[in-house]
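There are 2 protein chains.
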Amino acid sequence: LSARYESLNYEISENRLYREAEKKPSHQITLWQISRNRWFVCFLIGVFTGLVAAFIDIMVHYSKDIKFNWLLKYLISKCGEEQRGTTAGCMWTVMIAWIGYNCVLVTIAAILVIFVAPIAGGSGIPQIKCYLNGIAIPEVVRLKTLVSKAIGVACSVGGGLCAGKEGPMIHSGAAVGAGISQGKSYSLGIDFGLFREFRNDRERRDFVSAGAAAGVAAAFGAPIGGVLFSLEEGASFWNQNLTWRMFFSAMISSFTVNWILSWFNGRSGWLSWTGLANFGIFENKDYNIWEIPLFLLIGVIGGCLGALFNYMNTRLTEFRKKYVSSKLGRLFECLLVAAVSGFLAFLTIFAIDDCQPIGANPTATSTQINQMWCKKGEYSAVASLFFQNPEESVKSLFHSPINSFGVTTLIIFGIEYFLLTLWTFGISVPSGVFIPALLTGAAWGRLFGILVERLFPSVTGIDPGKYALAGAAAQLGGVVRMTISLTAIIMEATKDITFGLPIMLVLMVTKWVGDMFNEGLYDSHIDLAEVPILGWNPPKMSRNILADRVMRKDVVALERRERVSRIVEILRSTLHHGFPVVDRIEESPYESLPDYGRLKGYILRSQLFKLLENRIFEEEGSSNTGLPNDFYECQDDDDQMKSLTELGLTQYDESCWLDIEPYMHPHPHRVPLNTSLPFIFRLFRGLGLRYLFVVNDDNHLRGVITRKDVARFR
Amino acid sequence: LSARYESLNYEISENRLYREAEKKPSHQITLWQISRNRWFVCFLIGVFTGLVAAFIDIMVHYSKDIKFNWLLKYLISKCGEEQRGTTAGCMWTVMIAWIGYNCVLVTIAAILVIFVAPIAGGSGIPQIKCYLNGIAIPEVVRLKTLVSKAIGVACSVGGGLCAGKEGPMIHSGAAVGAGISQGKSYSLGIDFGLFREFRNDRERRDFVSAGAAAGVAAAFGAPIGGVLFSLEEGASFWNQNLTWRMFFSAMISSFTVNWILSWFNGRSGWLSWTGLANFGIFENKDYNIWEIPLFLLIGVIGGCLGALFNYMNTRLTEFRKKYVSSKLGRLFECLLVAAVSGFLAFLTIFAIDDCQPIGANPTATSTQINQMWCKKGEYSAVASLFFQNPEESVKSLFHSPINSFGVTTLIIFGIEYFLLTLWTFGISVPSGVFIPALLTGAAWGRLFGILVERLFPSVTGIDPGKYALAGAAAQLGGVVRMTISLTAIIMEATKDITFGLPIMLVLMVTKWVGDMFNEGLYDSHIDLAEVPILGWNPPKMSRNILADRVMRKDVVALERRERVSRIVEILRSTLHHGFPVVDRIEESPYESLPDYGRLKGYILRSQLFKLLENRIFEEEGSSNTGLPNDFYECQDDDDQMKSLTELGLTQYDESCWLDIEPYMHPHPHRVPLNTSLPFIFRLFRGLGLRYLFVVNDDNHLRGVITRKDVARFR
Ligand SMILES: Nc1ncnc2c1ncn2[C@@H]1O[C@H](COP(=O)(O)OP(=O)(O)OP(=O)(O)O)[C@@H](O)[C@H]1O
Ligand SMILES: Nc1ncnc2c1ncn2[C@@H]1O[C@H](COP(=O)(O)OP(=O)(O)OP(=O)(O)O)[C@@H](O)[C@H]1O
Ligand SMILES: [Mg+2]
Ligand SMILES: [Mg+2]
């Protein structure tokens with residue numbers, strides 16, 4: 010497991026100051042203010058997440074606009090109306106201009122990721138999942154990450170990569186959540202002095218989950234889906250109040266997006282249209298009981314394809330980690346992917362001749378680019394799939410009349426898109442996998458529907474669009490292995506409940522089948538990054554692994570009264586985030602480990618720092634000066650920690666004594682030596698612990714267990 | 010707090026046998042089988058819950074059928090066509106027959122509740138909520154409860170009470186969940202010998218939550234709503250796997266209901282129609298930004314009305330507890346409610362003259378009864394509200410054209426229904442509050458819409474049906490105070506996503522407003538019943554309450570090796586569910602309390618029983634005989650426990666020694682004396698604890714804390 014990751018601190022240090030805070034007469038009011046502010050912050054999170062999502066969407070819109078209406082129109086019209094489709098030479102120019110434009114955008118995205126905020130690459134969902142699990146991934150919710158992610162994803166989607174903007178929107182939402190709740194920004198070095206009460210990991214984590222929910226809600230117009238996503242992928246425990254706030258943020262954010270986009274689309278104030286990814290409404294909502302086995306079959310196919318995708322993408326990521334690690338190499342790969350994506354699209358349009366009459370399909374937007382090699386009055390189905398907005402393509406696969414897409418088109422498009430998505434997910438640009446997976450699945454699902462129709466010509470009323478929907482759900486479910494939240498998201502994005510049941514069925518089967526082969530894509534990537542994540546269940550067959558074997562025995566402990574020099578020495582020489590306080594430490598003559606006394610408390614590294622910084626130490630005999638009252642909420646943020654030398658402790662300071670007792674958490678979690686691993690695991694998971702002390706029968710400290718010690722067992 | 014309620018045992022007793030079970034080579038296979046069986050049981054739970062729900066629905070259908078088509082048609086036709094509406098005398102006959110029929114049905118329901126299964130009265134949701142919170146409400150998930158509930162609710166709804174069948178369906182689902190997973194029935198005394206591995210509180214509780222979700226899904230066709238309901242109202246912690254199984258059950262159950270009802274309605278195999286409570290689809294889905302304040306206002310009204318409802322119902326329940334406690338009195342009250350309900354309906358129809366032309370409103374079913382006092386070709390809007398199926402009435406309030414209901418009709422109907430619901434909820438018949446609250450709310454919501462239209466005549470496109478929906482949500486939300494799950498349920502029941510956002514807004518506001526006055530209806534009833542439920546958050550201002558003050562000091566403890574006679578004595582004289590095991594107990598000469606040694610373990614009362622029953626004791630020196638391997642899964646079911654005398658322990662037996670050590674849980678949860686109440690609360694809530702031991706600095710036992718000790722602090 011990688012040592013880069015620290016745990017978030019979910020526990021309150023219930024020291025003297027914390028307890029005394031309650032005795033103040035103003036405490037009730039403070040509590041009320043805090044809870045009011047929580048709602049207010051959630052409101053802001055919703056609004057800003059919505060703004061960011063709308064910003065991304067509008068950016069993508071304009072970048073496509075430039076590409077289609079300006080660049081290509083100009084070039085195509087220069088090629089001359091009559092030559093179109095015949096002079097290949099002219100089309101080469103178009104293609105090169107197209108690819109060039111794409112490459113420029115992708116370069117911007119790649120530079121933002123590679124040189125500004127590396128953590129902004131990819132979809133961001135694995136990182137958010139880890140964060141919500143209680144792991145501090147460095148820089149994951151910084152402002153610079155947010156900016157890189159938002160601009161980057163607009164560029165990479167606008168640049169024609171097989172990438173979705175939904176994952177990055179969720180990540181953006183999480184970053185907004187963290188940023189607003191802290192009322193300051195590290196990246197800018199600004200501190201607005203707002204919401205000081207939320208400046209701790211516990212509160213921040215809650216706001217991040219609200220932000221993630223808001224992100225989902227903004228991306229798909231799916232507030233319930235958003236809440237379920239935050240729960241399914243992240244939250245370690247269900248808390249009703251938190252869930253309500255998550256729900257509120259999600260609601261506000263989809264509301265904001267609606268409002269902005271209804272304004273942007275010239276129908277301001279009309280709110281019924283929801284979400285960015287709107288997959289349209291099905292006209293024909295009937296399905297019959299004999300279609301159930303077909304849906305199950307789609308589930309099986311989706312499970313297998315998803316597992317294949319994950320397997321191949323994991324191998325590819327491993328390969329990348331080894332051989333494409335230099336910055337230039339990664340930039341080059343991004344450009345290569347962009348070029349190949351564009352090139353393949355053109356090649357396919359060249360190769361497949363699937364011209365459909367305009368007007369037969371009301372869902373296809375007949376821009377000029379879609380005409381391509383087709384006669385007047387017709388459009389190229391392939392071109393419409395490749396060049397439309399991916400969301401639009403999904404929509405037309407769902408809702409187009411039966412014969413809108415040829416079988417060859419669907420096969421070739423499906424395979425190409427599958428492979429391109431595979432290659433794209435993991436390169437150094439912000440890119441999600443939701444929409445590409447949905448698109449791939451919609452293609453093969455529609456194909457499946459057409460085949461079923463051909464096999465049973467006697468049955469009427471088979472709508473390939475329905476199978477496209479099932480296929481899309483299956484492919485995405487096979488890749489990410491979510492069930493409930495995905496059902497809710499798809500239902501909310503199609504604004505339809507009727508297909509809920511078959512979609513659920515498909516997703517359950519998909520998950521069962523997929524799980525037989527490997528983990529979900531996000532989990533695979535988390536494993537590759539060696540993050541000490543704690544799963545849902547204790548490791549199997551671990552009843553006989555006792556605390557004894559799990560714990561670390563060479564504990565760095567403190568006594569209740571310590572010389573400053575020893576504390577400085579410990580802070581300097583170790584990186585542990587906290588230290589147990591015992592009533593005595595005796596060097597034992599027989600063993601290498603000292604003999605620790607009774608466990609008395611627990612103090613955080615950051616608290617020690619703050620004590621030293623405020624010079625809360627004394628000569629022999631004198632008494633302590635007090636500390637600011639919010640000390641117990643002391644943050645544990647490495648960047649914030651000044652280095653020890655900056656504290657400027659003198660020789661005299663170092664000879665003083667520090668009385669730790671009033672500042673330590675007086676009843677840390679403890680278990681006896683014979684505790685089993687599943688028991689320990691449930692404690693960690695159920696309470697969101699960061700540490701656990703192991704004591705012997707006389708309550709003498711014997712060891713310490715942290716998240717990493719537990720996560721080591723799989 | 011009432012002593013009637015015991016806690017459920019959520020923890021595994023990790024004794025020697027439990028640990029050794031893992032070493033068996035067949036353990037992997039057993040684990041696999043168990044997890045397969047879990048899915049299988051969830052499948053069965055879904056199917057049977059669906060069957061029960063469909064059964065209730067069909068019963069209600071037939072009872073209405075008899076009433077309308079047989080009884081009334083016959084009587085009305087006997088009265089003679091020409092006299093109708095003029096000869097009051099004849100209508101009196103009709104009314105008396107009507108009320109008589111209702112009273113017969115209500116009597117059946119009341120008898121089932123009063124004499125067979127008292128716990129089957131009311132909606133059942135509070136009881137399920139407590140059960141899921143970890144409290145064993147006696148008999149709540151028995152077969153006889155299920156039967157009484159299912160037949161009783163069909164009778165009370167068929168008998169024309171202002172009662173919904175949804176709450177009881179949820180309770181039924183929970184009972185099905187418990188029954189099937191245990192593979193046996195106490196009520197019948199049958200043991201099928203199935204699913205022995207699930208015969209413990211932990212597994213049963215999970216299956217009960219799956220059953221509750223399935224119940225919601227069957228009642229409203231809302232699988233996601235069902236899962237959210239189980240989470241919001243019950244589950245103390247979120248577990249992904251459990252949630253999936255809940256979801257699966259919910260899915261299967263709404264599927265089953267669909268299938269049966271599509272067959273019952275003669276369209277077998279057509280599955281798009283979902284759920285029992287189907288509120289129809291809105292044609293006009295637009296809403297505009299200026300309507301938002303109106304929705305907020307509806308939320309405020311709903312919050313106030315809901316709070317009023319809860320306040321009055323709580324007072325009424327207290328009154329009932331004091332003065333209507335005899336069985337006959339309760340039966341009489343039921344009959345009175347039935348008679349008054351019927352009488353009021355007739356009276357209103359007499360008094361209000363709201364005749365509408367047939368055909369203008371496509372949603373109104375024009376049965377003969379609705380004609381009533383109206384001319385031919387017209388129907389009485391009041392009669393249609395009162396005499397239709399309540400679900401149908403909700404539907405017509407949602408979807409009828411603008412002028413279908415007069416203002417007076419809505420006002421009087423709303424008030425009457427509000428009062429009748431108030432009176433009905435809490436009498437001794439199975440009856441839910443969902444549909445009545447929705448109906449009341451739809452009435453005043455529609456009224457609100459009409460008023461808005463009159464106030465702003467210039468604005469076009471105000472659809473009172475939309476406001477009826479908002480009002481229904483607000484009224485129900487004000488009464489039960491659920492947010493997320495209610496939004497999901499309403500969205501799924503109207504098969505529509507578009508109004509999700511305004512419904513959420515309404516529900517949030519409703520909850521805020523309502524919570525300013527009092528708790529939700531279910532919580533009030535739980536408080537009245539003095540159930541030691543643990544809320545979501547630790548009690549306020551409790552940082553300075555330490556374990557010392559929470560714990561019970563006069564602990565009944567055991568040593569690791571005890572004389573059988575002492576164990577028998579303890580079992581006879583105390584009712585505690587479990588006992589700490591310490592290394593020595595010394596009577597202290599100075600204090601009344603003995604001086605306990607170090608905490609070594611913890612053993613359940615039921616385990617001691619089983620040890621005695623199997624005579625696992627020894628003379629001095631001899632060794633133990635083994636115990637069945639599944640002993641660690643020993644159930645803690647009072648009914649199952651034979652009384653001590655039945656064990657037939659002889660004098661000789663009592664002089665033997667029992668070696669407890671191998672059978673106890675060796676590392677029970679413990680906290681030091683200075684632990685604060687919020688910390689303890691989080692342990693209980695986060696881990697689903699049943700006990701917690703308090704130890705001093707030397708790990709010597711000092712006290713015990715159970716759920717009741719914690720729940721005492723509010
Ligand atoms: N006070 C301590 N004394 C000795 N070992 C410790 C102490 N705290 C943690 N460890 C051990 O150090 C190793 C590194 O763990 P880890 O990085 O998780 O600890 P941490 O930095 O204190 O906590 P985290 O990184 O989870 O916030 C683990 O094996 C852990 O048991
Ligand atoms: N072994 C014990 N010795 C002494 N007191 C106990 C013991 N177990 C429980 N108590 C106390 O008895 C009181 C009654 O509690 P309660 O009925 O909750 O206990 P229980 O029956 O053991 O557990 P539960 O009913 O929650 O299953 C509580 O105050 C509790 O602290
Ligand atoms: Mg560390
Ligand atoms: Mg008890």
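Sequences listed follow chains F and C, in order. Note that our numbering has the first sequence beginning at 10, numbered continuously upward. Note that our numbering has the second sequence beginning at 10, numbered continuously upward. Beta carbons: idealized from backbone N, C-alpha and C, even for Gly.
Taking its Cβ as the centre, do 16 or more other Cβ atoms sit within 10 Å of residue i, making it buried, or is it exposed?
| i | result |
| --- | --- |
| C:Asn274 | exposed |
| C:Leu448 | buried |
| C:Asp200 | exposed |
| F:Pro366 | exposed |
| C:Pro302 | exposed |
| C:Thr154 | buried |
| F:Lys76 | buried |
| F:Tyr14 | buried |
Express the C-alpha separation of residue j and residue i in angstroms, rounding to a whole number.
| i | j | result |
| --- | --- | --- |
| F:Cys313 | F:Lys336 | 34 Å |
| F:Pro671 | F:Ser22 | 11 Å |
| F:Gly169 | F:Leu686 | 49 Å |
| F:Met550 | C:Glu31 | 6 Å |
| F:Phe204 | F:Glu212 | 11 Å |
| F:Ser86 | F:Val162 | 30 Å |
| F:Arg607 | C:Ile689 | 21 Å |
| C:Gly658 | C:Leu340 | First, the amino acid is wrong: residue 658 of chain C is Leu here, not Gly. Approximately 46 Å between the Cα atoms of the pair. |
| C:Leu495 | C:Gly450 | 14 Å |
Report the partner residues of residue i according to the DSSP bridge assignment.
| i | result |
| --- | --- |
| C:Ala145 | C:Glu15 |
| F:Gly308 | Answer by DSSP bridge pairing: none, since F:Gly308 is not bridged. |
| C:Val590 | C:Leu567 and C:Gly610 |
| F:Tyr700 | F:Thr715 |
| C:Val680 | C:Val703 |
| C:Cys364 | C:Ser389 |
Inspect the beta-carbon positions of residue i and residue j and report whether they are closer than 7 Å.
| i | j | result |
| --- | --- | --- |
| C:Phe443 | C:Gly173 | yes |
| F:Val573 | F:Phe618 | no |
| C:Phe216 | C:Ser190 | yes |
| F:Val69 | F:Val166 | yes |
| F:Gly230 | F:Thr58 | no |
| F:Ile542 | F:Cys139 | yes |
| F:Gly441 | F:Ala477 | no |
| C:Ile137 | C:Ala183 | yes |
| C:Ile612 | C:Met517 | no |
| F:Cys483 | F:Thr519 | Per the sequence shown, residue 483 of chain F should be read as Ala rather than Cys. Yes, they are a contact pair. |
| F:Ile493 | F:Ser258 | no |
| F:Ala390 | F:Thr433 | no |
Neighbouring residues (CB closer than 5 Å to any heavy atom of ligand 2): The set, ordered by position in the chain, is C:Glu15, C:Ser16, C:Arg561, C:Val564, C:Val565, C:His585, C:His586, C:Phe588, C:Val713, C:Thr715, C:Arg716, C:Lys717 and C:Asp718.
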